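Visitor: Residue numbering for the sequence shown follows the numbering used here, beginning at 1000 and increasing consecutively.
Every residue, glycine too, gets a C-beta built ideally from N, C-alpha and C.
Keep in mind the model is a prediction, meaning the values are calculated, not measured.
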Amino acid sequence: MALPKRRHSNTRTRKRRTHHKVALPSLTQCSHCQAMILTHNACHKCGYYQGRKVDHTVKEEERKRENA
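#1: I need the straight-line Cα distance from R1011 to K1004, nearest angstrom please.
#2: Look at the Cβ atom of A1041, then the Cβ atom of V1053, and state whether they are nearer than 8 Å.
#3: Would L1037 and L1023 qualify as a contact pair, given that the criterion is a beta-carbon distance under 8 Å?
#4: Determine the extent of the beta strand (DSSP E) in which T1012 is found, giving its start and end residues.
#5: Identify every run of the beta strand (DSSP E) within the stretch 1026–1057, keeping only runs that are complete inside it and at least 3 residues long; order them along the chain.
#6: Between the beta-carbon of G1046 and the beta-carbon of S1030, is there less than 8 Å?
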């Protein structure tokens, strides 16, 4: 099993790690209410997905009423 003879410098390690970053989530605009939403997800404001109303989504006002 190979072992390193010398340790890598901090600069060399950091140069390698520059590509280890988290990508930002891709956002699109809802075709119904123009809100910014995650791709392949129903809109959290109006409850539409691909031009159709999805029943399992709940508006924020309704959720607040249920909790109160």
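Guide: In terms of the structure at hand:
#1: The residue given as residue 1011 occupies position 12 in the sequence shown. The residue given as residue 1004 occupies position 5 in the sequence shown. Roughly 15 Å between the two C-alpha positions.
#2: To locate residue 1041, count along the sequence shown from 1; it is residue 42. To locate residue 1053, count along the sequence shown from 1; it is residue 54. Closer than 8 Å, so yes.
#3: Along the sequence shown, one-based indexing puts residue 1037 at 38. Along the sequence shown, one-based indexing puts residue 1023 at 24. It is not a contact, given that the beta carbons lie outside the stated cut-off.
#4: Looking up residue 1012 in the sequence shown gives position 13. From DSSP, T1012 is part of no beta strand (DSSP E) but of the alpha helix (DSSP H) over N1009 to R1016.
#5: 1026–1028 and 1035–1037
#6: As a first step, residue 1046 must be located in the sequence shown, where it is residue number 47. As a first step, residue 1030 must be located in the sequence shown, where it is residue number 31. Result no, Cβ atoms of G1046 and S1030 do not sit closer than 8 Å.
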